[in-house]
Amino acid sequence: MKHLIPEFERMKTRLPPGHDATLLVPCLRRIQEDRGFIDNSDIDGLVEYLGIPRIQIEEVLSFYGMLRRKPIGRWHLQVCRNVSCSMRGAERLIDELIGKLGVQPGETTADGRFTLSTVECLGSCGTAPVVMVNEAYHENLSAADLDALLERLD
Ligand code: FES
0 MKHLIPEFER
10 MKTRLPPGHD
20 ATLLVPCLRR
30 IQEDRGFIDN
40 SDIDGLVEYL
50 GIPRIQIEEV
60 LSFYGMLRRK
70 PIGRWHLQVC
80 RNVSCSMRGA
90 ERLIDELIGK
100 LGVQPGETTA
110 DGRFTLSTVE
120 CLGSCGTAPV
130 VMVNEAYHEN
140 LSAADLDALL
150 ERLD
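So for the sequence shown, numbering that gives the first Met the number 0 puts the first residue at 0; every next one is plus one.
Take a look at the structure:
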């Protein structure tokens, strides 16, 4: 993460003095964007750079589900399984993905292409069921739509 410190320094200039700790989430997001996940060495670096206790960083990492501690596949399939999506077929989509990819939620395919996750509400309940693929939402997804979507992911 050391190569990101100049960016962190620029972020710091927008804060009032003495509020460096508020950079924690933006720094974690930027590290994840850069590497794909947050490594132990990143936590060590942030302890030193921001001067905050390691436990505080671990708490943030365990609270925010979008922050990852391990690498994921090229395509991250996040299936919402909250109420609206479940009522509109999310469980069937999850079962189909488990069958097609041969992995359980939380796992990555052996070829590193896909990581399957289940998540709580993605905030698009009116277009349930919703699957997020990397940063893109796929809404009102039928089983046939899901098949077509998987075909397009190389
Ligand atoms: S319940 Fe799935 S987006 Fe809200």
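By construction, the Cβ of each residue, glycine as well, lies at the ideal position given by its N, Cα and C atoms.
| Item | Value |
| --- | --- |
| S83 beta carbon near the ligand FES (any heavy atom closer than 7 Å) | yes |
| Burial state of T182 (16 or more Cβ within 10 Å) | Beyond the ends of the chain as shown, which are 0 and 153, falls residue 182; an answer cannot be given. |
| Given D144 as reference, the closest of I37, D110, A89 once Cα atoms are compared | A89 |
| Selected residue, minimal CA-CA separation from D146, among N81, N133, I93 | I93 |
| Contained alpha helix (DSSP H) runs [length at least 4] in the segment 13-76, N- to C-terminal order | 23-34, 39-49, 53-62 |
| Contact with chain B by R112, beta-carbon distance below 8 Å | Within the model displayed, chain B is absent; a lone protein chain is all it includes. |
| S40 versus K69, D19, L14, residue with shortest Cα-Cα distance | K69 |
| Close beta carbons around R80, own chain, < 8 Å, minus the five adjacent residues each side | A89, E90, I93, T117, V118, E119 |
| Opening and closing residue of the beta strand (DSSP E) in which V129 lies | Unbroken run through V129: none, as it is neither H nor E. |
| Pair within 8 Å by beta-carbon distance, I56 and I71 | no |
| Supposed close pair V154, L140 - CB separation, criterion 8 Å | Examination of residue 154 is not possible in this model, given that the chain is present from 0 through 153 alone. |
| CA-to-CA distance, W74 to V132, given in whole angstroms | 6 Å |
| Element boundaries [beta strand (DSSP E), containing S116] | 113-118 |
| Closest residue to L23 among L76, L49, K99, R67 (Cα-Cα distance) | L49 |
| Best match in R112, G105, K99, A109 for proximity to M65 [C-alpha to C-alpha] | G105 |
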